Every structure is written in structure tokens, then in C-alpha cells.
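A.B. asks: Protein chains in written order, with the working numbering: chain A, 1304 to 1418; chain B, 788 to 899.
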Amino acid sequence: DQQVKQNSPSLSVQEGRISILNCDYTNSMFDYFLWYKKYPAEGPTFLISISSIKDKNEDGRFTVFLNKSAKHLSLHIVPSQPGDSAVYFCAASWRPRSTGNQFYFGTGTSLTVIP
Amino acid sequence: KAGVTQTPRYLIKTRGQQVTLSCSPISGHRSVSWYQQTPGQGLQFLFEYFSETQRNKGNFPGRFSGRQFSNSRSEMNVSTLELGDSALYLCASSLTTGQPQHFGDGTRLSIL
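1. Distance, Cα to Cα, THR1410 (chain A) vs GLN831 (chain B)?
2. Is ARG842 (chain B) closer than 8 Å to THR883 (chain B) when the C-beta atoms are compared?
3. How should ASP872 (chain B) be labelled, buried or exposed, when 16 other C-beta atoms within 10 angstroms of its C-beta is the threshold for buried?
4. Which bits of chain B does ALA1344 (chain A) rub up against, with CB to CB less than 8 Å?
5. Quick one, are the C-beta atoms of LEU1378 (chain A) and TRP1338 (chain A) less than 8 Å apart?
6. Name, in chain order, the residues that DSSP records as bridge partners for ALA874 (chain B).
7. Between which two residues does the beta strand (DSSP E) holding ARG842 (chain B) run?
8. Please go through the same chain and pick out, in chain order, the residues whose beta-carbon is closer than 7 Å to the beta-carbon of GLN804 (chain B), but skip the five residues on each side of it.
9. If you drop the 5 nearest sequence neighbours on each side, which residues of the same chain put their C-beta closer than 6 Å to that of HIS880 (chain B)?
10. Mind checking who GLY829 (chain B) pairs with in its DSSP beta bridge?
11. By how many angstroms is the C-alpha of GLU839 (chain B) removed from the C-alpha of GLN823 (chain B)?
Take a look at the structure:
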């Protein structure tokens, strides 16, 4: 049962424009959300996170928005650069958990930024 | 600071064999998690270890097991390999449980 879903397998954007990657979740207990970026032949790299007590978090060109009522989060990249071309995974978890932590990942969205 | 190191990078096995994968976390990180990545399935959580104890386990059969040593290094073992076990196995570490994780580059396991 996929509790975190990324319904767009791929996205193409022109350089300089905004990239919007979307993620939906089904478990209302999730209270911590993360985005990772993955280049071919490398492991995922942590990008940005957001706690459920916030609805927005910014880090440079990257902003994550959380809509708890819709169980939806999105990652905005502005402006998009060719080096942003990668697969983006969203992940969610409950925290804190005294019995350990489990992150649930989406299936990923492949972003291509066209020069 | 060295990142998460996984060995070997590539492995080819046949059905019925067993395999052990190794992960060295970032120095000082005590939480180590393992994931299986297959096309179209994203990253599926296998288990998490913290201070040599398995803290959490995903929905995988008992053929998948792991352990963590006192220096936080971790191993994952898969017994009686099946064709469906072909995947990229990723190890991730963090200072403590629940924090953003640092991933290794994975071990690509192919079952013939």
C-alpha cells in the first residue's frame, strides 16, 4: 500500500522557469516531510524538509509547501537550472517515535530542465 | 567527512544463494536504515538499526535480515535469493532516528 504518492513520473521545464513537483499522502499521522534529489548511479541527497506545524519552508531556490487538509505537499524550484535535472523523491514519517522511525517514500518524479 | 560507504557496488548471484551487503555510516551517526529500490516502486523500507538494536522493520519476508555492530557499521543479509530480489539496495545513516538521512550510492544486486 503506497502511503506516499508521486503521480507524475516525469516533468520537463525550461531553464529559468519554475518547477513544481507534487506529492500526496494518505496517512494523516505523518507529521514530517522531506524531499530528496537523486542523480543516476548516486544515492539520494537530502534537499529540504518541513514539519506539520508549518505550511511553508524555504531554502534558497527551493520551497516546500504543505497542505495538511488536502494531504498534499509540493516542491517549488525557482529558477530552474539544468543541474536540477534529477529524480526527486518525497518522503514522510511520524516523529518522534520511541520505537524507531520509518520513512515512507514516493516513487519519484524525473525532472528535466531544458537549457 | 567521508560519506556513507556501501560495498560491494555490484553483485551477481543465482537463485537460492545468500548474500551479505555492507554499510559504513558517516562517523558519529548511530542510526542506519536499509531500503530496496526497484523500478516503479520507489524506495521500500527494510529496517532501521540504532545502537545495535533493530528499531523498526518494513514489510519484507524473514529472508531479509540485518545487524549493526558497536561501531555503527551495518550488514544486511538476504537468504534463499529469488529473482524478485534483484534491486538497488540503499543504506542511509543519520545522527539519530527520525532525522534527514544521508544515503550511500547503493549495491546493485542482480539475481540470475
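All C-beta atoms in this analysis are idealised placements derived from N, C-alpha and C, irrespective of residue type, glycine included.
Note that this is a predicted model, so its numbers are computed, not measured.
C.D. replies: A quick look at the data gives this:
1. 9 Å
2. Going by C-beta atoms, THR883 (chain B) is not nearer than 8 Å to ARG842 (chain B).
3. buried
4. Under the 8 Å cutoff, chain B gives ASP892.
5. yes
6. According to DSSP, which records beta bridges pairwise, ALA874 (chain B) is partnered with B:LEU896.
7. 840-844
8. Excluding sequence positions up to five before and after GLN804 (chain B), its CB lies within less than 7 Å of the CB of LEU868, all in the same chain and listed in chain order.
9. One point to set straight first is that residue 880 (chain B) is Ser, not His, in the sequence displayed. Once the five neighbours on either side are set aside, the close Cβ partners of SER880 (chain B) are VAL791, PRO812, ILE813, HIS816, VAL819, HIS889.
10. B:THR825
11. 21 Å
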